[in-house]
Each structure stands twice: as C-alpha cells, then as structure tokens.
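Residue numbering for the sequence shown follows this note's numbering, beginning at 1 and increasing consecutively.
Right, one structure below, let's go through it.
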Amino acid sequence: MKKYVMVGAGSRATSMYAANIRQHFQDCARLTGVYDPNEKRAAAMIEIAGLEGCTVYRDFDAMLAAEKPDTVLVVSMDCTHHTYIIRALEAGCDVISEKPLTVDAEKYAQIAEAEKRTGRKVTVTFNCRFMPFFARVKELVSSDAVGDILSVHYEWYLDTSHGADYFRRWHRRRENSGSLLVHKSTHHFDIANWLLAQEPQAVNAFGSRRFYGSKPERRSQRCLNCPDKGSCEFYLDITANDQLRKLYYETEDTDGYFRDRCVFSDEIDIEDSVALNVQYSGGTVMSYSLTAHSPYEGYRLVLNGAKGRLIAEHQTGIGYYQGQETYHLAVYNRRGERVDYGQPGTFVNAPGHNGGDIRLLEMLLRGYNEDPLEQIADSRAGAMSIMIGIAANRSMKEGRQVQISELMPERALDR
C-alpha cells in the first residue's frame, strides 16, 4: 500500500485521480492529503470523490512533512508544475505529473537538475499511450507493418465545445499554459515521438488567433451574466453541472477565478490555429496542425513508411458526427493490398479518455514488471513532447526554424 498526496483540485484532479483511487484502487493506494491554493475547492473535490480520511492542507510543504508520502501527484496549473515537482523531489518523494511536464525550457532545466540531484523519479501521465487505438498503432509500427517511417502527416481538430473551453479557462493565457501547443499538443507530440522512437531536432511553425479572442462587440466578462447568453453558441451554464458548480462556482469567493470567462476576451493571447514541421533525429519529418474551432472533433495520423502507409483516424462522435463515433485503422502495403484493423466494435469508447485513464493508473498505482509497449513516460519523454511546442512558440515569435538543442539544458542533450 502506497501513500499519495496531491496538489491541485480541479476537474482533472477530481475525475482522473481522486474518484478513480476511491473507486478502483483502495487496495493499493491511499490519497491522504490534498493541497490547493483554494481550500474550498480542495474540500469540494474530497466531497465529490467520497474520499474518507483525506485532509485538506493550507501549505504544500506542511502536507509533505505531515503525511510523508511515497509519491506526490502534481495536478496544478501548468506553470506551477515545476515548483511542486522540485519541492516534492527534495522532500524525498517520487512524482507523478500531469502533462505537460512544464511550460518552458527554463522550468524544465530546474526539474532535470532536481531529479538528478535527488535521485528521485518523475513520471508524466500521457494517457493517449494507453488508449487501445493508439496501443494498436504502436503494435503495428513495432511489428514493422510499414517499415522505417519516413514521414508523418498529423492533424488534430477540436470542436467548438471542447476547443472553446480552453479559451474560457486559465489556459487562455500563455504564461499559465504555454499555449495549446504545450498544454494540449504535448499529447499529440508524445504519440509521434513514441511511435517513431526518435527525438525531435528542429521545428518551424506558424499560428494565428482569428476565431476566438478580442471581439469587443461580443465580449462579456463571463457567460453567467452575459446579456447575449440566450443566443451565444459558446454559452456555458456553470451552475447546471454539479461538479463544475461545486468545484468552481461555489468557490469563486475564495480566489476570484471564473471558470466560464468569455471566449472573446482581449486577454486571450494563445493561438487557435497552428501548423508546424518537425525534423527528427532518425531523419523522419512530420507535418502537424491543430484546429481549436472545428465543426467536429477527432484526428488523422498518417505514417508513410518504406513498406507502406498506415492511416489512423478517429471521429469522436460529437459535433457534426454526434452519435457516430468511428475509427479507421488500415495499412496499405506495396503489393496493392489494404489490411483493415479498425472494424466496427474493435475500439469501443470507454469513460476516461477512451479508457486510457484507467489503464494508465493500473500500471502507475498497482505497479508493473513489464512494459512491452513502453507506455510509461519518464521526464525525458515529457521534455521531448513539450520542447516541440516550446520551439514552435519561439519559431512563430522570431520567424525562424528553431533547434531543440537551443532549448535543452546542456547536461541533458546527450542523455
């Protein structure tokens, strides 16, 4: 039985960790303490998850001293990850960090130094690796179904429910999230890195914000009291969802954080449309795009190999494809054959990010002797995924190709 404490008490902390530990892992894991700058939110999370014997702390270091946990779960705002990771490592704890590992190269350098100095371990939770669909793609790549991968075409599109939500929350400010290229695309870049078993070397990127952001004629401070809430397609009633109401609306008086801010605010400074190219260490090149305002949601991943072409595509069943979730996974070889691996019912949607969350927690909390698909991600994997986004941000700002070596701590380059 291992003891855990957690920093952060938002929706992700509640659904991914607190609720799952209570429902599925009481035999091997105890969550004994929670710290969040908003104490009311931490208490609400404990109530929602039904965690008995879990204490709300007013101070992170006091929690570590009192509970002496084996592992600290870091589920706080992205820009604070490094602070809590380093303090946990220095207290002699291992760390499980939500993605992204951090938001900029300087903060990663601090994490890398602390991990090396303390000898403790940081694991990053890339749940996409555990989704059955991506796991099957990894198996096909590992079995040499398409041979050496020469190029990658990768498109991810968020609809105006999911995508818009990033522009309501703290994520909408670059200083908090590093932008969608760091907060969201870290998942996508990690999948590419994992499938290729290569590290990114150079990035060239372009981006814009033309859908969300400053539109004075439509702007209000928040959805709840907006005069246009009866006609705005982006209206969110934060009081209609029990979890959002308890975690956010009923705790606003503590920290003044509004979970339903207007998506047309002029404080938004992240892109809603991006396109970039990546050069990899093994010679593979990747083109990637992210759209945060699509009429429907899903992704398309194409791997062009020496022996053929693999196409993996998923429409999530929301937006335009409401109720029509589909998977497409096929390999086209050089003998003129097509082999389908995504027949109806093969990849059934499951709660928790298509079943990825619970599969990830099974390995993290119960332990494992083997990891044949290399699904558990260490801090190096976490760094390589965010470095593509960080390099892309610099590329857009400076109008040039950016080398990953410019961003990585010198001591980490040859790791």
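Every residue gets a Cβ at the ideal spot worked out from N, C-alpha and C, and that includes glycine.
Being a predicted model, the structure only gives us computed values, none of them experimental.
With respect to the 8 Å criterion, Y57 and V74 are not classified as neighbours on the basis of their beta carbons. Residue pairing for L73: DSSP places it in a beta bridge opposite M6, I96. Counting along the chain, the unbroken alpha helix (DSSP H) around H353 starts and ends at 351–354.
For the set E271, R41, I85, L310, the Cα lying nearest the Cα of S177 is the one of E271.
Counting along the chain, no alpha helix (DSSP H) covers F258, and no H or E run does either. In the three-state scheme derived from DSSP, where H, G and I count as helix and E and B as strand, R400 is classed as coil. It is roughly 12 Å from the alpha-carbon of E217 to the alpha-carbon of C226.
Taking all protein chains in view, the Cβ of D371 is surrounded by fewer than 16 other Cβ atoms within 10 Å, so the residue is classified as exposed. S142: not part of any beta strand (DSSP E); member of the alpha helix (DSSP H) spanning 132–142, first to last residue. Between I46 and Q243 a beta carbon distance of about 13 Å is seen, past the 8 Å cut, so the two are scored as non-contacting. Only residues of its own chain outside the window of five on either side were considered, and among them T125, N127, F130 have a CB closer than 7 Å to the CB of L360, listed in chain order. By alpha-carbon distance to G382, the top candidate from E39, N193, A19, K138 is N193. L196 is the residue among I191, W156, R400, L196 whose C-alpha sits nearest the C-alpha of G283.
Spatial neighbours of A330 in its own chain (CB-CB distance under 8 Å, excluding positions within 5 residues in sequence) are listed in chain order as L310, I311, R338, V339, D340, Y341, G342.
Across the set G163, G399, E250, I21, the C-alpha of G163 shows the shortest separation from the C-alpha of G213. In this structure, V278 sits near V203, with a CB-CB distance shorter than 8 Å. About 36 Å separates the Cβ atoms of E199 and M63, ruling out a contact at the 8 Å cut-off. Of all C-beta pairs linking the segment 137–153 to the segment 385–395, fewer than three are shorter than 8 Å, placing the two stretches out of contact. Exposure of T239 is indicated by the presence of fewer than 16 other C-beta atoms within 10 angstroms of its C-beta.
For G298, the enclosing beta strand (DSSP E) stretches over residues 296–305. Within its own chain, the residues whose Cβ lies closer than 7 Å to the Cβ of N333, once the five positions on either side in sequence are excluded, are K307, G308, listed in chain order. Residue state for L276 is assigned as strand, using DSSP reduced to three classes. For T14, the CB contacts under 7 Å within the same chain, skipping 5 residues up- and downstream, are M45, I48, A49, Q243, L247 in chain order. In the displayed model, V263 falls within coil according to three-state DSSP, outside both helix and strand. In this structure, the CA atom of G119 is about 42 Å from the CA atom of S161. CA-to-CA, the gap between T326 and Y299 works out to about 11 Å.
F206 is bridged by DSSP to A275. DSSP places V146 in the coil class of the three-state scheme, outside both helix and strand.
Under the three-state reduction of DSSP, D78 is assigned to helix. Beyond the five residues adjoining it in sequence on each side, E39 comes within less than 8 Å, by CB distance, of V56, R58, T254 in the same chain, given in chain order. Residue nearest to S97 within the set S76, H187, G53, N241 is S76 (criterion: CA-CA distance). Inclusion of G8 and S179 in the CB contact set at 8 Å is not warranted, their separation being larger than that value. The C-beta of N369 has fewer than 16 other C-beta atoms within 10 Å across all chains shown, which makes the residue exposed. In the three-state reduction of the DSSP assignment, V122 falls in the strand class, which pools E and B.
Burial is judged here by how many other beta carbons sit within 10 angstroms of a residue's own beta carbon; D159 has at least 16 and is buried. Residue environment for K215: exposed (fewer than 16 other C-beta atoms within 10 angstroms of its C-beta).
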